[in-house]
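Visitor:
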Amino acid sequence: MNRFLAVSLVAFALTLAGCGPAQIAIAAIAGGGAGGGVVAIQASQTTRNLWVHVKPTVTIISGPVNGSFDLTPTFHWIGNDIDGYIISYLPSIDSRQYGSTGNTSWTAPELEAGRSHTFSVIAVDHSGGTSDSASWNWQIAPSGGPSDITIRSIMFVSGDIFSMGDSYGIGDPDETPPHPVFVDDFNIAYTETTNQQFAVFLNDGNDQYYVRAPGQQIERHMNGSFIPLPGKEDFPAVHVSWEAATAYCQWMSSKTADTWRLPTEAEWELAARGGAEYRLYPTGDSINGLQANFRNSGDEFESGDYPWTAPVKVSDTGIDSIYNPTGYGYYNMAGNVWEWCSDYYDPDYYTDCLGAGTMINPTGPASGTMRIMRGGSWNNGTYSMRCPNRHAGMPDGADMFTGFRCVKEP
7 MNRFLAVSLV AFALTLAGCG PAQIAIAAIA GGGAGGGVVA IQASQTTRNL
57 WVHVKPTVTI ISGPVNGSFD LTPTFHWIGN DIDGYIISYL PSIDSRQYGS
107 TGNTSWTAPE LEAGRSHTFS VIAVDHSGGT SDSASWNWQI APSGGPSDIT
157 IRSIMFVSGD IFSMGDSYGI GDPDETPPHP VFVDDFNIAY TETTNQQFAV
207 FLNDGNDQYY VRAPGQQIER HMNGSFIPLP GKEDFPAVHV SWEAATAYCQ
257 WMSSKTADTW RLPTEAEWEL AARGGAEYRL YPTGDSINGL QANFRNSGDE
307 FESGDYPWTA PVKVSDTGID SIYNPTGYGY YNMAGNVWEW CSDYYDPDYY
357 TDCLGAGTMI NPTGPASGTM RIMRGGSWNN GTYSMRCPNR HAGMPDGADM
407 FTGFRCVKEP
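Per the working numbering, the sequence shown runs over residues 7 to 416.
(1) Leaving aside the five residues before and after I157 along the sequence, list all residues of the same chain whose C-beta is less than 6 Å from its C-beta, in chain order.
(2) By how many angstroms is the C-alpha of Y215 removed from the C-alpha of E415?
(3) Quick check: the stretch 209–225 against the stretch 191–200, are there 3 or more CB pairs under 8 Å?
(4) Helix or strand or just coil, what does DSSP make of W248?
(5) Report the residue from R102, V64, S68, L77 whose alpha carbon sits nearest the alpha carbon of I93.
(6) Put F407 into one of helix, strand or coil per three-state DSSP.
(7) Can you give the Cα-Cα distance for L286 and A251, rounded to whole angstroms?
(8) Where DSSP assigns a beta bridge to V189, which residues make up the other side?
(9) Once the 5 residues before and after Q202 are set aside, which same chain residues still bring their CB inside 6 Å of it?
(10) By Cβ distance below 7 Å, which residues in the same chain neighbour M170 in space, the five residues on each side in sequence not counted?
(11) Leaving out five residues before and five after M376 in sequence, what residues of the same chain have Cβ atoms less than 8 Å from its Cβ?
(12) Can you check whether the CB of R396 is closer than 9 Å to the CB of E198?
(13) Would you mind sorting F207 into buried or exposed? The rule is 16 or more other CB atoms within 10 Å of its CB.
(14) In this structure, how does DSSP classify V206 when only helix, strand and coil are distinguished?
(15) Out of G409, G135, S101, state which residue places its alpha-carbon closest to the alpha-carbon of I378.
(16) Tell me the rounded alpha-carbon separation between A114 and Y254.
(17) Using only alpha-carbon positions, find the residue among D291, M258, W248 that is nearest to T270.
(18) Look up D264 in the DSSP assignment and say whether it is helix, strand or coil.
(19) Looking only at C-alpha atoms, which of Y356, T364, S383 sits nearest to E345?
(20) Could you give the first and the last residue of the continuous beta strand (DSSP E) run that contains D350?
(21) Using CA atoms only, rank isn't needed, just tell me which of I160, M391, R411 is closest to A492.
(22) What first and last residue would you give for the beta strand (DSSP E) that runs through E225?
(23) For F81 and A404, I'd like the C-alpha separation in whole angstroms.
(24) Under 9 Å between the Cβ atoms of W83 and V130?
(25) Nearest-angstrom Cα distance between N367 and C393?
(26) Specify, as a first and last residue, the run of the beta strand (DSSP E) that A398 falls within.
(27) Using a Cβ-Cβ cut-off of 7 Å (strictly less than) and excluding sequence neighbours within five positions of S164, which residues of its own chain qualify?
(28) Determine the direct distance from the alpha carbon of S101 to that of E283, and round the result to whole angstroms.
(29) So what does DSSP say about Q256, is it helix, strand or coil?
(30) Which of the three DSSP states, helix, strand or coil, is assigned to W384?
(31) Between N209 and S231, how many whole angstroms is the CB-CB distance? I'm expecting something under 8 Å.
(32) Among residues of its own chain, excluding the 5 on either side of S137, which ones have a beta-carbon nearer than 7 Å to its beta-carbon?
(33) Which of helix, strand or coil does DSSP assign to S173?
(34) Please classify R380 as buried or exposed, where buried requires at least 16 other C-beta atoms within 10 Å of its C-beta.
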């Protein structure tokens with residue numbers, strides 16, 4: 007007899023006996039009944055027949071390993087029912103049930119890469135009783151070619167002439183003097199490159215660009231695959247050097263029929279401003295915590311007065327960001343992470359440009375040591391959110407404040 011069943015029967019018998027001495031005898035256990043056992047209990051000279059049902063059990067014995075690339079994994083399990091027999095199992099993925107099966111294995115339909123998933127199965131016995139749900143949690147590594155999100159979520163920018171630099175007189179010396187610039191048509195990503203997108207690149211033989219450091223939101227698993235932390239798939243990729251961002255764009259070009267690259271500094275500023283009209287911030291002449299993720303912004307991604315990155319929020323139906331877009335419709339061009347541009351940095355470059363007339367598609371100084379960053383990060387105040395604000399870093403440097411977005415040539 008099952009120990010749990012025996013103990014349960016003794017407890018039932020004691021209850022039936024009420025008060026006073028009782029002689030309790032388990033007279034018989036018979037298999038009949040609707041999925042249980044008929045138990046004859048003699049207590050205080052009274053014999054009663056009780057039916058006790060024991061629910062079936064199910065245990066998953068194998069499934070996909072964390073970080074695998076299998077989009078249609080197979081699961082195996084064992085079921086047990088001590089007082090009857092199991093007639094079916096109910097498999098489900100991410101709370102969606104997929105009918106029933108009499109087998110002890112099941113292959114999932116095609117699942118989304120780069121995401122966490124949960125498989126569950128419930129056993130049903132011949133009396134209709136059900137087991138507790140057994141679950142298997144894992145992540146599928148991002149795989150395949152360039153992310154559909156990056157390719158889909160770009161927007162055309164019409165070429166224009168504008169006055170590049172600080173026209174308010176409140177910026178740093180390297181933001182002046184304002185000078186006329188013309189930029190041809192181009193396409194730029196709505197958002198910064200995400201962890202999910204960058205993990206696809208890493209998993210395609212580019213692991214040399216992975217940086218293990220505090221704040222990294224992509225994990226390298228024991229099987230060598232790269233997977234975003236659960237819930238961080240649509241956050242901007244950080245710890246990305248200029249060299250890594252450039253390599254990502256080159257990889258995108260090799261996987262598609264298009265030419266991808268980092269934006270020039272002039273392209274970035276035109277996109278951030280939303281056109282030729284001067285704006286102090288990408289959001290207009292003011293900015294607040296509902297429009298951008300920056301230090302002391304008061305948004306939900308801060309811990310006390312110390313903020314962190316926010317998701318770029320690109321959905322299958324379009325953009326679904328908590329932050330308002332620029333005039334052109336781009337997100338997070340103020341705050342969240344600094345964004346690499348292709349240009350070298352020279353603090354005197356704008357002065358050199360002033361006497362050259364209108365600059366046509368400028369690409370920055372011919373040489374230099376550092377590369378341009380734009381837009382400010384979650385760790386900066388509103389001063390760094392200004393459209394003309396300039397920042398720079400070493401091309402091989404990477405930190406938790408810096409990411410990038412891509413440009414696609416027309």
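Where is the CB? At the ideal position from N, CA and C, for every residue including glycine.
Note that the structure is predicted; figures quoted are calculated from it, not measured.
Guide: On the basis of the coordinates in this document:
(1) Because I157 sits at a pLDDT of 47, beneath the cut-off of 50, its placement in the model cannot be relied upon, and the following sentence gives the value as read from the coordinates. There are no such residues.
(2) 24 Å
(3) no
(4) helix
(5) V64
(6) coil
(7) 27 Å
(8) D166
(9) G120, P148, P234, E239
(10) P184, H185, V187, A272, E275
(11) Y350, Y351, A398, G399, M400, P401
(12) no
(13) buried
(14) helix
(15) G409
(16) 32 Å
(17) W248
(18) coil
(19) S383
(20) Residue identity differs from the one stated: residue 350 is Tyr in this sequence, not Asp. Its beta strand (DSSP E) spans residues 344–350.
(21) Because the chain in this structure spans residues 7 to 416, residue 492 falls outside the shown range and cannot be described.
(22) 224–226
(23) 40 Å
(24) no
(25) 18 Å
(26) 397–399
(27) D191
(28) 50 Å
(29) helix
(30) coil
(31) 6 Å
(32) K61, P62, T63, V64, I128, A129
(33) coil
(34) buried
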